[in-house]
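In terms of the numbering used here, the sequence shown opens at residue 8 and continues consecutively.
The next block holds one structure in the form of structure tokens; read it before the comments.
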Amino acid sequence: MTIRLPGSGGALRTYEPRTEPLAVTPGTPFTSRTVFSAAHVVADPFADVSPDSPAAVDWDATLAFRRHLWSHGLGVAEAMDTAQRGMGLDWAGAAELIRRSAAEARSVGGRIACGVGTDQITSGSLAEVRAAYEEQLAVVEESGAQAILMASRALAAAASGPEDYLEVYGHLLRQSAEPVVLHWLGPMFDPALEGYWGSADLDAATDTFLEVIAAHPDKVDGIKVSLLDAQREIDIRRRLPKGVRCYTGDDFNYPELIAGDEQGFSHALLGIFDPLGPLAAEAVRVLDTGDVQGFRELLDPTVGLSRHLFQTPTRFYKTGVVFLAWLAGHQSHFTMVGGLQSARSLPHFATAYELADGLGLFPDPKLAEERMKTLLSVYGVNQ
């Protein structure tokens with residue numbers, strides 16, 4: 008098997024795919040770390056919609072992918088950034104996704120946590136932001152899922168300083184039925200979140216973030232930090248109250264953060280664990296035995312792929328995630344809600360294919376090769 012892929016300058020080069028996938032098997036949940044995969048949604052390719060229309064979701068394929076993740080012992084972080092919240096999936100679609108996935112989780116015994124945001128409004132007063140958060144929190148709690156309080160574009164626009172964040176988050180934490188996960192998403196993932204927690208100075212923002220947690224430690228299960236800054240995450244992790252977990256959201260430095268150091272470690276809630284699911288699960292099970300070196304030997308080689316998928320502009324990483332799901336046979340097409348399949352270039356796809364194939368991520372390498380050739384032909388590359 009060989010395939011011609013576009014390289015630098017538009018020249019074609021020959022690549023020989025591997026013939027066997029990495030050998031991994033489904034398994035039980037982990038003992039040393041809590042690990043969530045932020046899962047993507049599968050679009051309905053036959054729906055007659057435009058990029059401005061509400062999302063048309065293939066529910067069967069979407070739920071089947073979640074069962075795939077659960078079968079490997081991973082938790083599912085639902086209706087998060089990876090599911091195109093605010094980038095094709097509106098609140099009505101997200102609410103249905105939450106209800107369906109939570110019901111599916113109950114039926115198979117899978118762990119699930121769901122994103123709570125304010126994307127049913129685009130702007131508003133602080134009172135309107137609180138009300139939007141409360142509406143979504145109620146949906147998640149009624150579904151039986153754990154809540155993840157996501158960063159809010161509307162709050163970023165309405166807040167005049169740190170005190171507004173303290174007031175809004177304090178209000179939500181006081182009324183939450185169970186401990187939640189607080190999510191700090193950096194502007195590299197969403198430019199509208201610049202200056203979150205009331206300051207563009209990350210040290211000042213960190214202090215406010217930690218002040219929220221310190222005031223309500225019994226209502227915070229953990230935090231998810233998505234700043235792509237490993238040292239800052241470690242510094243925050245070391246300042247957390249006892250019992251509050253740190254879930255890394257750093258898709259550039261996750262192996263070292265999950266492995267940890269003499270002062271602690273991070274759990275995980277990662278978008279890259281959507282395409283890496285089985286391999287990541289295998290690595291964490293090795294870590295469960297205390298074999299840190301074996302864990303790193305499995306997971307370190309995946310960082311190149313992750314950094315490629317999450318390259319600037321980082322918010323379009325979802326395109327690569329869905330592309331790899333198609334090549335791996337988890338869905339029958341490469342279509343995304345909002346038409347986001349067009350957000351990356353052919354050379355980007357070619358490199359993603361080569362890196363993923365090199366890791367053995369495709370259960371059927373021949374199928375992945377055939378689908379890659381199909382995409383290449385659409386772009387005018389004949390084999």
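All residues carry an ideal CB built from backbone N, CA and C; glycine is no exception.
Remember, predicted model here, so these are calculated numbers, not experimental data.
What are the boundary residues of the beta strand (DSSP E) that includes PHE43?
For the purposes of this step, residue 43 is taken as the residue at position 36 of the sequence shown. Unbroken beta strand (DSSP E) run through PHE43: 42 to 45.
Give me the residue from ALA18, SER44 and ARG244 with the minimum Cα distance to VAL291.
As a working mapping, residue 291 is identified with position 284 in the sequence shown. Minimum Cα distance to VAL291 is reached at SER44.
Those residues which DSSP pairs with SER233 across a bridge
Here the question's residue 233 lines up with position 226 in the sequence shown. Beta-bridge pairing links SER233 to LEU192.
Could you name the residues that DSSP lists as bridge partners for LEU12?
For the purposes of this step, residue 12 is identified with residue 5 of the sequence shown, where counting begins at 1. LEU12 is bridged to ARG20.
Integer-rounded CB distance, given that ARG25 should sit under 8 Å from ALA336
To locate residue 336, count along the sequence shown from 1; it is residue 329. To locate residue 25, count along the sequence shown from 1; it is residue 18. Correcting the residue identity first, residue 336 is Gly in this sequence and not Ala. Not really, about 16 Å apart at Cβ, beyond 8 Å.
Option nearest LEU276 by Cα separation, candidates PHE259, GLU269, GLY17 and GLN270:
Within the sequence shown, residue 276 is the residue found at index 269, counting from 1. Nearest C-alpha to LEU276: PHE259.
Any non-hydrogen atom of the ligand ZN closer than 6 Å to LEU173 Cβ:
The ligand ZN is absent from the structure shown, which contains no ligands of any kind.
Hey, how far is the Cα of ILE10 from the Cα of VAL232?
On the sequence shown, position 3 is the one that residue 10 refers to. On the sequence shown, position 225 is the one that residue 232 refers to. Taking the straight line joining both Cα atoms gives about 39 Å.
Measure the CB-CB distance between GLU170 and CYS121 and report whether it falls below 7 Å.
Taking the sequence shown and counting its residues from 1, one reaches residue 170 at position 163. Taking the sequence shown and counting its residues from 1, one reaches residue 121 at position 114. Not a contact, by the Cβ cut-off of 7 Å.
Span separating the alpha-carbon of ALA266 from that of GLN300:
The residue labelled residue 266 in the question sits at position 259 within the sequence shown. The residue labelled residue 300 in the question sits at position 293 within the sequence shown. Straight through space, the alpha carbons of GLN300 and ALA266 are spaced by roughly 9 Å.
Tell me which same chain residues have a C-beta within less than 7 Å of the C-beta of ASP371, skipping the five on either side of it?
Stepping through the sequence shown from its first residue, residue 371 is reached at position 364. Apart from the 5 residues on each side of it in sequence, ASP371 sits with its Cβ closer than 7 Å to the Cβ of GLY336 in its chain, given in chain order.
Residue ranges of each alpha helix (DSSP H) within the stretch 202 to 278, 4 or longer
Every alpha helix (DSSP H) of 4 residues or more that sits fully in the stretch 202 to 278 is shown, in chain order, as 209 to 222, 237 to 245 and 261 to 266.
Along the chain, where does the alpha helix (DSSP H) that runs through ALA290 open and close?
Position 283 of the sequence shown, counting from 1, holds the residue named residue 290. Taken as a continuous stretch (DSSP letters only), the alpha helix (DSSP H) holding ALA290 covers 284 to 295.
Through-space distance from GLU361 to LEU305, alpha-carbon basis
Here residue 305 is taken as the residue at index 298 of the sequence shown, counted from 1. Here residue 361 is taken as the residue at index 354 of the sequence shown, counted from 1. If I take the Cα positions, the gap works out to 18 Å.
Go through its chain and collect everything with a Cβ distance to THR125's Cβ below 6 Å, but skip five positions before and after it.
For this step, residue 125 is matched to residue 118 along the sequence shown. VAL136, ALA139, TYR140, SER159 and ALA161, listed in sequence order.
Roughly how many whole angstroms lie between the Cα atoms of ALA62 and PHE330?
Mapped onto the sequence shown, residue 62 falls at position 55. Mapped onto the sequence shown, residue 330 falls at position 323. Straight across, the Cα-Cα distance linking ALA62 with PHE330 is about 18 Å.
Whole runs of the alpha helix (DSSP H) within the stretch 305 to 340, excluding any shorter than 4 residues
Look at the stretch 305 to 340 and you find these whole runs of alpha helix (DSSP H), each 4 residues long or longer: 310 to 316 and 324 to 334.
Apply the 10 Å Cβ neighbour rule to SER130 and answer buried if 16 or more other Cβ atoms are within range, or exposed otherwise.
Along the sequence shown, one-based indexing puts residue 130 at 123. Residue environment: SER130 is assigned as exposed (fewer than 16 neighbouring CB atoms within 10 Å of its CB, all protein chains considered).
Find out if the Cβ-Cβ distance for the pair ILE241, VAL188 is shorter than 7 Å.
Translated into the one-based positions of the sequence shown, residue 241 becomes position 234. Translated into the one-based positions of the sequence shown, residue 188 becomes position 181. Taking the C-beta atoms as reference points, VAL188 is found no nearer than 7 Å to ILE241.
Nearest neighbour of HIS340, chosen from PRO52, PRO36 and GLU27 [CA to CA]
Translated into the one-based positions of the sequence shown, residue 340 becomes position 333. That would be PRO52, whose Cα lies nearest to the Cα of HIS340.
Mind the definition here: the stretch 165 to 183 touches the stretch 211 to 221 only if three or more C-beta pairs lie below 8 Å; say whether that holds.
By the C-beta criterion, the stretch 165 to 183 is judged to be in contact with the stretch 211 to 221, since at least 3 inter-stretch pairs fall below 8 Å.
For TRP204, which residues of its own chain have a beta-carbon under 6 Å away from its beta-carbon, when the five flanking residues on both sides are left out?
Position 197 of the sequence shown, counting from 1, holds the residue named residue 204. Sequence-distant partners of TRP204 (beyond 5 residues in either direction) whose C-beta falls short of 6 Å from its own C-beta, in its chain, are TYR172, ALA212, THR215 and PHE216.
DSSP-derived helix/strand/coil call for LEU96:
Start at 1 with the first residue of the sequence shown, and residue 96 comes out as number 89. Three-state DSSP puts LEU96 in a strand.
I'd like the list of long-range same chain contacts for ARG351, defined as Cβ closer than 7 Å, with 5 residues on each side in sequence excluded.
Numbered from its first residue, the sequence shown carries residue 351 at position 344. Excluding residues within five positions, the ones whose Cβ falls inside 7 Å are PHE323, THR326 and GLY327.
Near GLN390, what residues of its chain come up, given a Cβ to Cβ distance below 8 Å and the 5 sequence neighbours on each side ignored?
The residue given as residue 390 occupies position 383 in the sequence shown. Shown here for GLN390: same chain residues with a beta carbon closer than 8 Å to its own, the five before and five after excluded, namely ILE10, ARG11, LYS380, LEU383 and SER384 in chain order.
Would LYS373 be called buried (16 or more neighbouring beta carbons within 10 Å of its own) or exposed?
Counting from 1 along the sequence shown, the entry for residue 373 is found at position 366. Exposed, since its Cβ has fewer than 16 Cβ neighbours within 10 Å.
Please name the residue in GLY387, CYS253, ALA145 and ALA166 whose C-alpha comes closest to that of HIS190.
Here residue 190 refers to the residue found at position 183 when the sequence shown is read from its first residue. Ranking the options by Cα distance to HIS190, first place goes to CYS253.
According to DSSP, is GLN390 helix, strand or coil?
Numbered from its first residue, the sequence shown carries residue 390 at position 383. GLN390 falls in the coil class under three-state DSSP.
Give me whichever residues DSSP pairs with LEU156 in a beta bridge.
By one-based count along the sequence shown, residue 156 stands at place 149. Beta-bridge pairing links LEU156 to VAL123 and LEU189.
Is the CB-CB distance between ARG73 and VAL83 below 7 Å?
Residue numbering aside, residue 73 sits at position 66 when the sequence shown is read from its first letter. Residue numbering aside, residue 83 sits at position 76 when the sequence shown is read from its first letter. For the pair ARG73 and VAL83, the CB atoms are nearer than the 7 Å cut-off.
Terminal residues of the beta strand (DSSP E) in which GLU27 lies:
On the sequence shown, residue 27 is found 20 positions in, with the first residue counted as 1. Neither: GLU27 is in no beta strand (DSSP E) and is coded neither H nor E.
Leaving aside the five residues before and after LEU346 along the sequence, list all residues of the same chain whose C-beta is less than 7 Å from its C-beta, in chain order.
Mapped onto the sequence shown, residue 346 falls at position 339. First, the amino acid is wrong: residue 346 is Gly here, not Leu. Excluding residues within five positions, the ones whose Cβ falls inside 7 Å are PRO58.
PHE369 and LEU316 closer than 7 Å at C-beta:
Start at 1 with the first residue of the sequence shown, and residue 369 comes out as number 362. Start at 1 with the first residue of the sequence shown, and residue 316 comes out as number 309. Contact: no.
HIS274 and GLY229 look like a contact to me (Cβ under 8 Å); what is the Cβ gap, rounded to whole Å?
In the sequence shown, counting from the first residue as 1, residue 274 sits at position 267. In the sequence shown, counting from the first residue as 1, residue 229 sits at position 222. That belief holds up - the Cβ atoms of HIS274 and GLY229 are roughly 7 Å apart, short of 8 Å.
By how many angstroms is the C-alpha of THR21 removed from the C-alpha of ARG246?
Taking the sequence shown and counting its residues from 1, the one referred to as residue 246 is at position 239. Taking the sequence shown and counting its residues from 1, the one referred to as residue 21 is at position 14. The straight-line gap from Cα to Cα measures roughly 50 Å.
Nearest-angstrom beta carbon gap, VAL344 and VAL48 [assumed within contact, 8 Å]:
For this step, residue 48 is matched to residue 41 along the sequence shown. For this step, residue 344 is matched to residue 337 along the sequence shown. At roughly 6 Å, the Cβ-Cβ gap stays under 8 Å, so VAL48 and VAL344 are in contact.
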